[in-house]
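Each protein sequence line maps, in turn, to chains S and W.
So in the numbering used here, spot 145 of the first sequence is number 145, and the numbers just go up one at a time.
Going from the second sequence to the numbering used here is simple: count from 1 and add 370.
Just so you know, even glycine gets a beta-carbon here, dropped at the ideal spot from N, CA and C.
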Amino acid sequence: MAEKEQADRGKAQEAARALVVSSSPHDFSKRTTQQIMWEVFVALLPATLIGVWSFGFRAALVMGLTVASALGFEALWQAAARRPQTVGDGSAALTGLLLALNLPPSSSWWICMVGAGVAILLGKMVFGGLGQNVFNPALTGRVFLLIAFPAEMTTWLVPRTSGKLPETFLGHGTIAWDGSGNVLAGGVSSQGVDMITAATPLGLLSEKGASAITDVSFWDAFLGMGINGSLGEVSAMLLLAGGVYLGFRRIITLHIPLSFLGTMAVIATITNLIDPNMYAPASIHLVTGGAMIGAFFMATDYVTSPIHPAGRIVFGIGCGLLTMVIRLWGGYPEGVSFAILLMNATTPLIDRYVHGRKFGFVAKDTGGKK
Amino acid sequence: MGSFPGGVHPRYEKDLTAGKATRTLDPPAEAVIPMSQHIGAPAKVCVEKGDEVRTGQVVGEAGGFVSSPVHATVSGKVKVIEDRPHPSGKDVLSVVIESDGEDAWVDLDPHEADLLEIPLNEVKERILEAGIVGLGGATFPSHVKLSPPADKTIDTVILNGAECEPYLTADHRLMLEQPRAVAQGLALIARVMGAARGIIAVEANKPDAIQALEAEVGKLSGSVDAKLEVKVLPVVYPQGAEKQLIYALLGREVPSGGLPMDVSALVHNVGTAASMVRAACEGRPLVERIVTVTGDAVKEPDNLSVRIGTPVRELIEACGGYVDDGPAKLIAGGPMMGFAQHTDEVPVIKGTSGILVLSKRLVRRVEPGPCIRCGECIRHCPMKLNPAELVLYAEHDLFADAERVGALDCIECGCCSWGCPASIPLVQHVRKVKVEIMAERAKDRKAS
Chain S
1 MAEKEQADRG KAQEAARALV VSSSPHDFSK RTTQQIMWEV FVALLPATLI GVWSFGFRAA
61 LVMGLTVASA LGFEALWQAA ARRPQTVGDG SAALTGLLLA LNLPPSSSWW ICMVGAGVAI
121 LLGKMVFGGL GQNVFNPALT GRVFLLIAFP AEMTTWLVPR TSGKLPETFL GHGTIAWDGS
181 GNVLAGGVSS QGVDMITAAT PLGLLSEKGA SAITDVSFWD AFLGMGINGS LGEVSAMLLL
241 AGGVYLGFRR IITLHIPLSF LGTMAVIATI TNLIDPNMYA PASIHLVTGG AMIGAFFMAT
301 DYVTSPIHPA GRIVFGIGCG LLTMVIRLWG GYPEGVSFAI LLMNATTPLI DRYVHGRKFG
361 FVAKDTGGKK
Chain W
371 MGSFPGGVHP RYEKDLTAGK ATRTLDPPAE AVIPMSQHIG APAKVCVEKG DEVRTGQVVG
431 EAGGFVSSPV HATVSGKVKV IEDRPHPSGK DVLSVVIESD GEDAWVDLDP HEADLLEIPL
491 NEVKERILEA GIVGLGGATF PSHVKLSPPA DKTIDTVILN GAECEPYLTA DHRLMLEQPR
551 AVAQGLALIA RVMGAARGII AVEANKPDAI QALEAEVGKL SGSVDAKLEV KVLPVVYPQG
611 AEKQLIYALL GREVPSGGLP MDVSALVHNV GTAASMVRAA CEGRPLVERI VTVTGDAVKE
671 PDNLSVRIGT PVRELIEACG GYVDDGPAKL IAGGPMMGFA QHTDEVPVIK GTSGILVLSK
731 RLVRRVEPGP CIRCGECIRH CPMKLNPAEL VLYAEHDLFA DAERVGALDC IECGCCSWGC
791 PASIPLVQHV RKVKVEIMAE RAKDRKAS
């Protein structure tokens with residue numbers, strides 16, 4: 001009996017030694033950083049797929065190469081800095097995909113790699129990696145490319161949904177790079193068609209005014225039929241669906257997208273009322289260019305946007321305002337990227353001054369009534 | 371989400387024990403009575419080694435106004451007076467009583483008057499003498515809360531039966547099994563405070579307790595001046611936190627740095643109220659309480675009524691022992707705010723509402739990642755603080771900045787840490803900052 005007691009006590013002591021002691025709480029939600037990144041991938045999937053479907057195999061290569069480059073650059077940086085590998089957290093891959101979705105489908109291999117390098121190295125790692133950067137990495141990469149290689153970055157393929165491609169082009173799977181970056185008109189050369197390009201609706205709008213894009217219908221742009229532009233700008237509807245999914249899954253709040261797009265809509269409506277020949281209506285502005293992908297996927301980047309709901313509204317309004325200023329009166333046809341990057345710089349300031357009232361921060365003599 | 375801003379929905383797991391009637395455990399062979407089972411000054415030992423004591427006898431006298439006496443919970447001989455492991459994690463001076471197995475009580479002094487006829491000063495005195503402290507876990511001496519400064523009036527007394535802490539069902543069983551004592555407690559406190567209104571607040575996940583309480587409150591309502599009622603609250607953690615409870619019921623915000631009495635409210639736990647009734651009527655000191663023994667690493671989870679001072683090990687044994695895989699974490703209290711223990715030799719104290727034993731499967735050990743500023747901590751914070759910002763200040767020892775952004779308003783509910791996708795120990799950092807700020811303040815006071 002005594003022996004058994006001894007054994008029991010020994011067992012109890014053994015058990016006690018194994019007890020984990022830590023400060024509460026002892027239960028945790030299932031959400032992890034990785035899971036958040038994967039949810040965003042899921043939300044981007046429809047837009048990604050229609051990008052590939054519209055622009056062909058080449059679009060898939062652009063995406064694959066950009067994502068792989070982003071992962072590679074982060075891995076190289078961490079190895080060189082002798083820091084733990086972080087490519088598994090999903091954020092580099094997401095940056096790669098977001099960058100690819102902002103590239104023209106015709107982008108050369110070196111555009112993909114240079115863009116990913118700038119995005120990951122200058123946009124993120126130099127600040128200390130995930131969570132530390134000031135500017136949206138994917139947009140940092142894109143804007144660098146846009147300024148450094150304007151010709152490459154404004155060559156827009158005509159999607160198969162336009163109905164303007166010759167029969168022989170459909171299903172064309174080989175990559176025949178157009179090294180000069182010249183804008184090719186439609187037609188078949190002796191080597192076969194490399195690509196067929198045309199200006200984007202926003203390009204025409206910027207150059208010639210609203211009367212030049214009367215053939216662009218809201219529904220075509222919304223659904224993504226026959227609209228050219230960046231890989232991920234094809235279908236406003238699918239981007240919107242992805243954004244709503246993220247909101248529903250509580251990955252993002254809708255403060256930024258709604259205030260962003262709302263501000264754009266207000267400005268577009270006012271200017272359109274003033275001069276409909278010059279300025280396009282809100283229905284066109286919201287479904288073309290980078291408005292949807294910017295509002296739902298770029299401006300909502302946690303790290304570079306305000307953390308308080310009230311601050312997010314201020315941020316969104318700023319993005320919408322700057323976007324429209326650039327679109328309507330700036331030198332570039334599209335201003336979403338610039339607008340978001342500029343607002344990124346104001347994020348710390350917004351966080352400091354725009355936040356909700358803390359619980360209990362009431363005047364003492366009110367008896368707790370607000 | 372609920373009746374106050376923020377909050378979370380952790381795994382509740384109350385089904386493990388909610389349906390199990392409270393089982394009374396025999397008094398232990400050896401009771402360990404720590405002198406510190408409450409907030410405030412520790413009690414002063416008033417017995418000596420070798421003394422014979424009876425159940426209910428005072429073994430430690432209140433060490434000041436904000437303090438509470440402690441009583442022997444078995445009859446027998448004082449074996450030793452020494453520092454013993456305590457659920458707070460520190461070793462605390464304790465009177466260890468070897469039971470004679472008789473459970474011979476001191477002579478109790480039942481009051482001849484009806485509960486609601488006992489003079490008010492006698493009620494307060496009896497509650498002090500019975501060593502009653504907040505049984506919800508905060509263990510603030512109850513008599514202090516019943517004696518607010520003269521310039522404060524209380525119009526509403528709230529009994530907290532929310533029991534928002536996951537896993538725990540001790541209050542649930544108490545409300546279901548002793549609804550009369552709880553309802554009487556409400557009437558008693560409302561009378562002591564001169565309050566016009568009394569509310570028993572229960573989360574909607576305890577419909578049977580709500581029904582039982584409504585019946586008892588209905589029986590009492592004619593016999594007291596105050597309007598008494600049972601209010602059903604949405605299930606969201608931390609619904610039972612004092613400030614959130616008052617806000618949910620009355621729409622009043624306790625001001626930063628203030629107390630419920632600043633908004634004319636007073637909150638007591640339902641178990642505390644029931645103990646007050648026994649103290650006032652029977653003169654019975656606080657020597658036992660209901661403890662939920664639960665978790666996936668204990669074989670037969672149950673609700674036990676045990677003597678204070680019973681080693682936790684005995685509670686586990688009474689519930690079939692640990693599962694074969696063994697316990698990975700032993701928690702005094704619930705998963706959100708409970709204290710992890712390094713040994714099961716610690717005694718049950720007045721504030722022990724539960725013993726939660728978790729297996730390896732439920733114990734997470736991961737390295738925190740970088741903050742991605744997702745804002746989940748802000749969304750969940752019931753005090754509308756910015757835990758992520760507080761952590762930045764904590765990491766850089768910027769205590770004045772932390773105080774400016776509300777560190778001292780943190781109620782340490784743990785919602786921020788619970789929801790953080792990067793596993794950052796947010797509330798733990800804030801706790802550290804609060805300690806530092808209070809230490810600075812103490813230093814400043816000394817200097818001036």
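Helix, strand or coil for residue i per DSSP?
{"i": "Pro272/S", "result": "The sequence shown places Asn at residue 272/S, not Pro. Residue state, collapsed to three classes: helix."}
{"i": "Gly171/S", "result": "Residue confidence is low: Gly171/S scores 37 on pLDDT, short of 50, so the model does not pin down where it sits. Its coordinate-derived value is still stated next. Gly171/S: coil per DSSP, three-state reduction."}
{"i": "Ile256/S", "result": "helix"}
{"i": "Gln191/S", "result": "In this prediction, Gln191/S has a pLDDT of 42, which is less than 50 and means its spatial position is unreliable; nothing more can be read from the coordinates."}
{"i": "Asn756/W", "result": "coil"}
{"i": "Trp38/S", "result": "helix"}
{"i": "Glu765/W", "result": "helix"}
{"i": "Leu145/S", "result": "helix"}
{"i": "His379/W", "result": "coil"}
{"i": "Val466/W", "result": "strand"}
{"i": "Arg454/W", "result": "strand"}
{"i": "Trp177/S", "result": "Bear in mind that a pLDDT of 30 at Trp177/S, under 50, signals an unreliable position, so the number given afterwards is only what the model happens to contain. Three-state DSSP puts Trp177/S in coil, outside helix and strand."}
{"i": "Phe28/S", "result": "coil"}
{"i": "Glu599/W", "result": "strand"}
{"i": "His308/S", "result": "coil"}
{"i": "Asp461/W", "result": "strand"}
{"i": "Ala185/S", "result": "Only weak support is given to the placement of Ala185/S: the predicted model assigns it a pLDDT of 38, under 50, and the value that follows is read from those uncertain coordinates. It is coil, neither helix nor strand."}
{"i": "Leu778/W", "result": "helix"}
{"i": "Pro404/W", "result": "strand"}
{"i": "Ile725/W", "result": "strand"}
{"i": "Lys449/W", "result": "strand"}
Measuring CA to CA, which of the options is closest to residue i?
{"i": "Asp89/S", "options": "Gln34/S, Ala151/S, Gly209/S, Lys124/S", "result": "Gln34/S"}
{"i": "Ala432/W", "options": "Ile451/W, Pro412/W, Leu395/W", "result": "Pro412/W"}
{"i": "Phe315/S", "options": "Phe260/S, Gly330/S, Val114/S", "result": "Phe260/S"}
{"i": "Pro375/W", "options": "Val600/W, Arg811/W, Ala611/W", "result": "Ala611/W"}
{"i": "Asp473/W", "options": "Gly507/W, His456/W, Pro511/W, Asp396/W", "result": "Asp396/W"}
{"i": "Ile50/S", "options": "Val40/S, Met237/S, Ser24/S", "result": "Met237/S"}
{"i": "Gly704/W", "options": "Leu19/S, Asn277/S, Arg82/S, Asp27/S", "result": "Asp27/S"}
{"i": "Ala770/W", "options": "Ala809/W, Glu737/W, Gln798/W", "result": "Ala809/W"}
{"i": "Thr86/S", "options": "Cys319/S, Leu94/S, Phe361/S, Glu74/S", "result": "Glu74/S"}
{"i": "Arg142/S", "options": "Met37/S, Leu341/S, Ile350/S", "result": "Leu341/S"}
{"i": "Pro740/W", "options": "Val682/W, Glu765/W, Lys754/W", "result": "Glu765/W"}
{"i": "Leu615/W", "options": "Arg648/W, Leu636/W, Gln548/W", "result": "Leu636/W"}
{"i": "Ser512/W", "options": "Leu478/W, Leu796/W, Ile409/W", "result": "Ile409/W"}
{"i": "Gly430/S", "options": "Gly471/W, Met753/W, Cys744/W", "result": "Because chain S here runs from 1 to 370, residue 430/S falls outside it and cannot be looked at."}
{"i": "Leu524/W", "options": "Asp632/W, Leu598/W, Val552/W", "result": "Just to set this straight, residue 524/W is Ile in the shown sequence, not Leu. Nearest C-alpha to Ile524/W: Asp632/W."}
Since residue i sits in a beta bridge, which residues does DSSP pair it with?
{"i": "Pro511/W", "result": "Val503/W"}
{"i": "Tyr692/W", "result": "Val668/W"}
{"i": "Arg393/W", "result": "Leu674/W"}
{"i": "Phe709/W", "result": "Ala702/W"}
{"i": "Thr425/W", "result": "Trp475/W"}
{"i": "His441/W", "result": "Val428/W"}
Check the Cβ-Cβ distances between residue i and every residue of chain C, and say whether any is below 8 Å.
{"i": "Val362/S", "result": "Given the protein chain composition of this structure (S and W), no chain C is represented."}
Are the stretch 332-350 of chain S and the stretch 570-589 of chain W touching, with three or more C-beta to C-beta distances below 8 Å?
no
I'd like to know if the stretch 262-272 of chain S and the stretch 215-229 of chain S are in contact, where contact means that at least 3 CB-CB pairs between them fall below 8 Å.
no
Would you mind listing the beta strand (DSSP E) stretches within the stretch 112-141 of chain S that are 3+ residues and don't spill past its ends, in chain order?
none
Jot down the residue ranges of each uninterrupted beta strand (DSSP E) in the stretch 613-689 of chain W, minimum 3 residues, whole runs only, in chain order.
635-639, 658-664, 672-677
If you pair each beta-carbon of the stretch 414-421 of chain W with each one of the stretch 634-644 of chain W, do three or more pairs fall below 8 Å?
no
In the stretch 505-593 of chain W, which residue ranges form an unbroken beta strand (DSSP E) of at least 3 residues, counting only runs that do not cross its ends?
526-531, 567-573
Could you tell me whether the stretch 584-595 of chain W touches the stretch 555-569 of chain W, where touching means 3 or more Cβ pairs closer than 8 Å?
yes
Should the stretch 716-733 of chain W be called in touch with the stretch 110-117 of chain S, which here means at least 3 C-beta pairs below 8 Å?
no
Within 8 Å, do at least three Cβ pairs link the stretch 621-632 of chain W to the stretch 646-655 of chain W?
no
Looking at C-beta atoms only, is the number of pairs between the stretch 667-674 of chain W and the stretch 683-701 of chain W that lie closer than 8 Å three or more?
yes
Only counting runs of 4 or more residues, tell me where the alpha helix (DSSP H) segments fall wholly within the stretch 205-255 of chain S, in order along the chain.
218-223, 236-248
Any chance the stretch 479-493 of chain W sits against the stretch 444-454 of chain W, with 3 or more Cβ pairs inside 8 Å?
no
Could you say if the stretch 344-352 of chain S and the stretch 306-314 of chain S meet the contact criterion of at least three C-beta pairs nearer than 8 Å?
yes
Three Cβ pairs or more, each shorter than 8 Å: is that satisfied between the stretch 442-452 of chain W and the stretch 490-500 of chain W?
no
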